[in-house]
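Notes follow once the structure below has been shown.
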Amino acid sequence: GKAIVAKDLTKVYQMGEVQVHALCGVSIEIKHGEVVAIMGPSGSGKSTLMNIIGCLDRPTSGEYYLDGELVSGMNDDQLALVRNRKVGFVFQNFNLLSRSSALLNVELPLRYAGQRERQRERAVVALEAVGLADRMDHKPMELSGGQQQRVALARAIINDPAIILADEPTGNLDSKSGKEILSLLLDMNKKKGTTLIIVTHDPGIAEETERVIRLYDGQVVDS
Ligand code: ADP
Ligand code: ADP
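Dropping the structure here:
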């Protein structure tokens with residue numbers, strides 16, 4: 005099966021009287037274990053597409069299957085369940101809880117998914133996988149940007165997701181930390197076969213992926 009099958013997706017935002025057509029008939033397929041970059045200028049629909057792929061939002065029309073499951077017609081609760089089970093998120097600004105330790109941040113998806121068993125143990129294993137076991141009691145402020153993003157990576161893999169969605173994961177990092185984060189992501193793909201989808205403006209990152217999907221004005225212009 006395929007990790008991602010999207011058929012003729014549209015997304016229309018209603019802004020008062022005005023309609024914004026953010027996606028206009030986007031069809032894509034991504035295989036299990038693929039490493040894909042999504043590129044395109046600002047306003048081309050990347051965030052909108054990622055929100056749909058990550059089950060944070062629904063298309064206006066079209067069908068979307070994640071890991072074989074039709075999710076485009078689901079209600080909010082069903083969507084949240086699929087999201088918590090299948091998707092790991094990595095953001096440009098890390099999105100960590102600033103008052104919580106690295107360990108608590110990493111445990112969070114397990115709590116959302118109602119998986120109470122071995123929370124602590126699994127979070128420690130995930131932090132070990134990103135080389136941060138010795139920083140697990142630190143709060144985000146006490147960590148460098150690269151370390152914060154590694155905490156976010158540990159949080160993204162704690163549920164063994166089918167796909168990892170990374171939105172400009174190296175955008176706020178110096179080039180050395182950025183390279184470390186990218187190779188950790190690629191490692192996870194190699195070791196676990198996790199499908200990796202990276203939104204990026206950086207041609208250096210796109211080069212490390214297997215395929216680039218290019219958006220322009222809400223349409224796929226190259227894939
Ligand atoms: P990108 O991530 O490539 O910058 P977006 O998906 O954020 O593109 O935006 C695509 C288009 O949809 C843009 O014209 C943007 O202004 C519009 N848009 C995005 N989100 C919303 C929203 N919540 N409400 C209204 N318009 C939106
Ligand atoms: P990026 O280009 O880094 O993806 P954007 O500025 O396109 O960031 O979007 C940031 C957030 O704001 C997204 O969640 C997007 O859906 C939302 N957004 C973008 N354009 C609009 C808009 N015109 N009105 C409301 N929300 C928007």
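Numbering (full-length UniProt numbering), first residue to last: 5 to 227. Cβ atoms here follow ideal geometry from the backbone N, Cα and C, with glycine treated the same way. In this text the structure is predicted, and so the values were computed from the model without any measurement.
- By the neighbour-count criterion, in which 16 or more other beta carbons inside 10 Å mark a residue as buried, residue 214 falls on the exposed side.
- Counting the other CB atoms within 10 Å of its CB gives residue 43 a total of 16 or more, which places it among the buried residues.
- Note on geometry: alpha-carbon atoms of residue 137 and residue 24 lie some 46 Å from one another.
- Setting aside the 5 residues that flank it on each side, residue 60 has no residue in the same chain whose C-beta is closer than 6 Å to its C-beta.
- For the stretch 136 to 216, the full-length beta strand (DSSP E) segments reaching 3 residues or more read 167 to 171 and 199 to 203 along the chain.
- Going by beta carbons, residue 10 and residue 30 fall inside the 9 Å limit.
- Membership of residue 81 in the alpha helix (DSSP H) is indicated by the continuous run 80 to 90.
- Here residue 97 is exposed: its Cβ has fewer than 16 other Cβ atoms, across all protein chains shown, within 10 Å.
- Residue environment for residue 152: buried (at least 16 other C-beta atoms within 10 angstroms of its C-beta).
- Look at residue 130 here: in three-state DSSP terms it is helix.
- Straight-line measurement puts the Cα of residue 143 at about 6 Å from the Cα of residue 102.
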